[in-house]
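Scroll down for the structure; my scribbles are underneath it.
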Amino acid sequence: MSPSIRKAQVRDVQHIGCIVNDSAERGLMLHRSLAELYDDLRDFHVAESDEQIVGVTGLRVMWSNLSEVYALAVVDAARGRGLGRKLVEAAADEARDMGIRRLFALTYEKEFFEKCDFSVVDRRNLPLKVWSECVRCPKHDACDEIAMQRELKDVPDLAPSIADESIDCHDVHVPIQLVRLNGGVPPRP
9 MSPSIRKAQV RDVQHIGCIV NDSAERGLML HRSLAELYDD LRDFHVAESD EQIVGVTGLR
69 VMWSNLSEVY ALAVVDAARG RGLGRKLVEA AADEARDMGI RRLFALTYEK EFFEKCDFSV
129 VDRRNLPLKV WSECVRCPKH DACDEIAMQR ELKDVPDLAP SIADESIDCH DVHVPIQLVR
189 LNGGVPPRP
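Residue numbers for the sequence shown follow the working numbering, so the first one is 9 and each next one is one higher.
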């Protein structure tokens, strides 16, 4: 049976954890706890072959115009069959569906990501929010990952940059009701 790519389901979390943490043991990515995997389950796609999970990737929305392809891993026995590329394309399709134009990855697999239409970028051009996970990385002070980016040219570039974007609520009128922790509603002033 030909491998298929699909959104991850709760029943996949243990398998995702094994694949991701095996790659983490090799120094290719960060370890992920089961709690993190359940929290981020909606981020993930899996590659399935003969009813076995053989690959995984996540797509994390970072901002209105930027998302990260992360935790990309394929088991050794399934490598070389194009599953990694299919997983990246599934993530790109999801970003496209959300209207997100730019993808980035922090990786050691430069040649692979180049084949997926990513190019090397200066990591300093990525927003600080990108580095939020880096504080728990053992290589934090001497990061050797390569920052790569891909533009989804078929997605309109309508989103403002992070520096330009703010929440403007002056035209939004939503009644707010305060509720006390004990369940009561405080009196109106």
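Beta carbons are placed, not taken as given, at the ideal position from N, Cα and C, and that holds for glycine.
- For VAL62, same chain residues with a beta-carbon under 6 Å away, outside a window of 5 residues either side, are ALA55, VAL83 and ALA86 in chain order.
- Spanning the alpha carbons of GLN17 and HIS53 requires a straight line of approximately 9 Å.
- Judged by DSSP secondary structure, ILE24 falls within the alpha helix (DSSP H) whose first and last residues are 21-33.
- Minimum Cα-Cα distance from LEU36 among the listed residues THR65, MET156 and THR115 corresponds to THR115.
- By alpha-carbon distance to GLY66, the top candidate from GLY90, LEU111 and GLY88 is LEU111.
- If you check the CB distance, VAL96 and VAL64 do not come in under 8 Å.
- SER75 and GLN22 have their alpha carbons spaced roughly 25 Å apart.
- Between ILE13 and LEU45, the C-beta gap is not smaller than 8 Å, which leaves the two residues out of contact.
- The secondary-structure analysis by DSSP pairs ILE154 across a beta bridge with THR115.
- Straight-line measurement puts the Cα of ARG89 at about 11 Å from the Cα of SER57.
- About 5 Å separates the beta carbon of LEU160 from that of ARG109, a gap short enough to meet the 8 Å contact definition.
- Of ASP51, GLU122, LEU134 and ASN133, the smallest CA-CA separation from MET106 is found for ASP51.
- By the neighbour-count criterion, in which a residue is buried when 16 or more other Cβ atoms sit within 10 angstroms of its Cβ, LEU134 is buried.
- The straight-line gap separating the alpha-carbon atoms of GLU153 and LEU42 is approximately 24 Å.
- A distance below 6 Å between beta-carbons, with the five flanking residues on each side excluded, links GLU102 to the following residues of its chain, in chain order: LEU67.
- Of HIS39, ARG132, ARG131 and ALA99, the smallest CA-CA separation from CYS124 is found for ALA99.
- Secondary structure note for ALA79: its beta strand (DSSP E) is the uninterrupted segment 74-82.
- Per the coordinates, the alpha-carbon of VAL163 lies some 23 Å from the alpha-carbon of LEU80.
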